[in-house]
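Worksheet for the structure shown next.
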Amino acid sequence: MLSSMVKEHQAKQSSKKEIQEGKRKEACAAASDLTQALVDHLNVGVAQAYLNQKKLDAEAKQLHASATNFSKQTQQWLTLVESFSSALKEIGDVENWAKSIEGDVRTISTALEIVYKNSQEASQTQTTVPWYENLPAVAMDYKVHIDPGKEDCYFQYVNPGATFYVSFQVVRGGDGMAGFAVRHPSGQIVHPYQWKPSSEYQDQTSTGGYYSVCIDNQFSRFAGKLVNIYITVVRYDMWDKYTKEIDELNMNMENFTSTIVTVDRNINDILQYQHHSRAREAWDFNLLQDNNSYVVRWSIIQIIVIAATTAVQVYFVRKLFDIKTGSSRSRI
Numbered sequence: 001m002l003s004s005m006v007k008e009h010q011a012k013q014s015s016k017k018e019i020q021e022g023k024r025k026e027a028c029a030a031a032s033d034l035t036q037a038l039v040d041h042l043n044v045g046v047a048q049a050y051l052n053q054k055k056l057d058a059e060a061k062q063l064h065a066s067a068t069n070f071s072k073q074t075q076q077w078l079t080l081v082e083s084f085s086s087a088l089k090e091i092g093d094v095e096n097w098a099k100s101i102e103g104d105v106r107t108i109s110t111a112l113e114i115v116y117k118n119s120q121e122a123s124q125t126q127t128t129v130p131w132y133e134n135l136p137a138v139a140m141d142y143k144v145h146i147d148p149g150k151e152d153c154y155f156q157y158v159n160p161g162a163t164f165y166v167s168f169q170v171v172r173g174g175d176g177m178a179g180f181a182v183r184h185p186s187g188q189i190v191h192p193y194q195w196k197p198s199s200e201y202q203d204q205t206s207t208g209g210y211y212s213v214c215i216d217n218q219f220s221r222f223a224g225k226l227v228n229i230y231i232t233v234v235r236y237d238m239w240d241k242y243t244k245e246i247d248e249l250n251m252n253m254e255n256f257t258s259t260i261v262t263v264d265r266n267i268n269d270i271l272q273y274q275h276h277s278r279a280r281e282a283w284d285f286n287l288l289q290d291n292n293s294y295v296v297r298w299s300i301i302q303i304i305v306i307a308a309t310t311a312v313q314v315y316f317v318r319k320l321f322d323i324k325t326g327s328s329r330s331r332i
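Note that full-length UniProt numbering has the sequence shown beginning at 1, numbered continuously upward.
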C-alpha cells in the first residue's frame with residue numbers, strides 16, 4: 001500500500017516537472033521573441049535617424065558648395081565692376097583733357113565779354129529768366145528720392161532754338177523701375193509715361209519755354225526710389241551770333257568758332273556717355289550688394305535650421321538608449 005502511494009506520488013511529481021519544464025521553455029521562447037521584437041523596433045528607429053542624419057549631412061555639404069560657388073561668382077562680378085571702374089577712370093583722363101580745352105575756350109570767351117554783355121542785357125529786357133539760362137550750355141545732374149505712391153515734377157527753362165536733352169536712371173529701390181514723362185511748354189506730353197528702369201528724351205530744336213520732367217512712383221506703394229536725372233541745354237546758335245558780331249568788328253573767327261563748337265559738342269557727348277556709365281555702374285553695384293546680402297542671410301538661416309534639426313535628432317536617438325534603473329522586489 002505504501003509503495004504504491006510513493007510510486008503514485010513520484011509519477012505525479014515527474015508529470016508536474018515535465019509540465020513546468022515545458023512552460024519554462026515556452027516562457028524563455030516568448031521572452032526571446034519579445035526581446036528580438038524590441039531590438040528590431042529600436043533598430044528601425046535608429047536606422048531611420050541614421051539615414052536622416054546622412055541626408056542632412058549631404059544637404060549641408062551641397063549648401064556649402066553652392067554658397068562657395070556663389071561667393072566665387074560674386075568675387076568675379078566685383079572684379080568686373082572694379083575693371084569697369086578703372087575704365088571709367090581712364091575716361092576721366094579724357095575729361096581732364098576736355099576741361100583743359102574748356103579752360104582755353106573760357107579764355108577766348110573773355111575776349112568776347114563785351115559783346116556777350118550787350119546780348120545778355122538785350123535778352124533780359126525781353127524776359128526774366130535765371131542768370132545761368134543765358135549761357136551757351138547748361139548741364140545739371142541730380143539724384144532725387146521719390147517716395148512710394150508719389151510723383152515729383154521738375155521744370156527746366158529752354159531757350160528757343162536750343163537743344164534740350166534729359167535722361168533718368170533708377171539707381172536703387174523696389175523693382176528698379178519708375179515712370180518717366182516729359183511735357184512740352186505748350187502742354188503736350190512729348191514723352192509719355194513708361195514704367196522702365198531708364199529712359200531719355202532729346203529735342204534738337206526747341207520752341208522755348210519751361211519743360212516739365214516728371215518721375216512717377218505711384219505703382220510702388222511701399223518702396224521709395226533713388227533716381228538719377230541728367231539735364232542739358234545747349235545753344236549752338238549763340239556761337240553763330242558771336243561770329244556775326246565779330247565779323248562786324250572785322251575779326252574773322254569762323255574757323256576758330258566752328259572748332260570751338262565741335263569741341264563743345266564732343267565735350268557734351270563725353271559728359272553724356274560718362275553720366276550713363278556712372279549710372280549703370282551704380283545700378284550694377286547696388287544689385288550685387290543686394291544679391292550678396294540675400295544669399296548670405298538665407299544661407300545662415302538654413303545652416304541654423306539644419307544644426308537645430310541635427311541636435312534634436314541626436315537628442316531623441318540618445319533618449320531611446322537611456323536605461324531607467326529602479327528597485328526590484330521579489331517575493332519568496
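All residues carry an ideal CB built from backbone N, CA and C; glycine is no exception.
Using DSSP bridges, identify the partner residues of residue i.
i    : result
D175 : Note: D175 sits in no beta bridge, so no partner.
K244 : Answer is none; K244 lacks a bridge partner.
K196 : A178
F316 : The partner list for F316 (beta bridge, DSSP) is empty, contrary to what the question assumes.
G209 : V158
K143 : N228
I215 : D152, F180
I189 : R183
Y201 : V166
V138 : V233
Whole angstroms are fine: how far does the CA of residue j sit from the CA of residue i?
i    : j    : result
K244 : E113 : 15 Å
I332 : K25  : Unreliable positioning characterises I332 in this predicted model, as indicated by a pLDDT of 37, which lies under 50. The coordinate reading is nonetheless provided below. Cα to Cα, the separation comes out at about 22 Å.
T74  : V170 : 22 Å
D203 : S299 : 50 Å
E59  : T309 : 13 Å
S86  : Q188 : 43 Å
Q13  : D40  : 40 Å
T163 : A223 : 34 Å
Y193 : Y154 : 15 Å
R278 : V261 : 26 Å
S71  : L287 : 15 Å
N69  : Q76  : 11 Å
A49  : V317 : 7 Å
D216 : F285 : 24 Å
E21  : K7   : 21 Å
K150 : K225 : 10 Å
N52  : Y315 : 14 Å
R297 : L56  : 20 Å
V144 : G176 : 14 Å
I304 : K61  : 14 Å
H191 : P148 : 22 Å
Q36  : A27  : 14 Å
H9   : K16  : 11 Å
S3   : A11  : 12 Å
W195 : T107 : 45 Å
S66  : G174 : 27 Å
T110 : Y201 : 33 Å
A139 : T207 : 19 Å
E18  : A311 : 54 Å
M5   : K23  : 27 Å
L38  : D322 : 14 Å
Considering only C-alpha positions, which residue in the set the options is nearest to residue i?
i           : options                : result
Q313        : V170, Q36, K54         : K54
S165        : A178, A137, V144, K143 : The question names Ser, but residue 165 in the sequence shown is Tyr. Ranking A178, A137, V144, K143 by Cα distance to Y165 puts A137 first.
L320        : A47, E151, C28         : A47
H276        : Q289, I229, D264, V263 : I229
residue 358 : W283, D322, A178, T259 : Missing from the structure shown is residue 358; the chain here goes from 1 to 332 and no further.
G179        : Q156, D152, N159       : D152
V182        : V213, G149, A27        : V213
F159        : D141, V190, Y211       : The amino acid occupying residue 159 in the given sequence is Asn; Phe does not appear at that position. Of the candidates D141, V190, Y211, the one whose C-alpha sits nearest the C-alpha of N159 is Y211.
D141        : Y315, Y273, G173, A11  : Y273
I146        : L56, Q156, R172, A139  : R172
V236        : T205, V305, L271       : Checking the sequence, you will find Tyr at residue 236 rather than Val. Out of T205, V305, L271, T205 has the C-alpha closest to the C-alpha of Y236.
G103        : Y201, K196, V263, I306 : V263
V227        : A307, P197, I306       : P197
Q289        : L78, V190, S83, D322   : L78
W283        : Q36, F84, A27          : F84
K241        : A65, A67, L38, L135    : L135
R265        : A311, D322, E18, I101  : I101
K117        : E18, K99, M238         : M238
Assuming residue i and residue j make a contact with CB atoms under 8 Å, what is their CB distance in whole Å?
i           : j    : result
S199        : S167 : 7 Å
P185        : G161 : Actually they do not touch by this definition, with Cβ atoms about 13 Å apart.
V44         : E281 : About 60 Å; that fails the 8 Å criterion.
residue 364 : L63  : Since the first residue of the chain shown is 1 and the last is 332, residue 364 is not available in this structure.
V233        : N268 : About 10 Å; that fails the 8 Å criterion.
Q156        : I231 : 5 Å
Can you check whether the C-beta of residue i is within less than 9 Å of a C-beta belonging to chain B?
i    : result
I301 : Among the protein chains of the structure shown there is no chain B, as only one such chain exists.
Check: So, do the region 25-41 and the region 288-308 have three or more beta carbon pairs nearer to each other than 8 Å?
Finding: Because the criterion of three Cβ pairs below 8 Å is not met, the region 25-41 and the region 288-308 do not touch.
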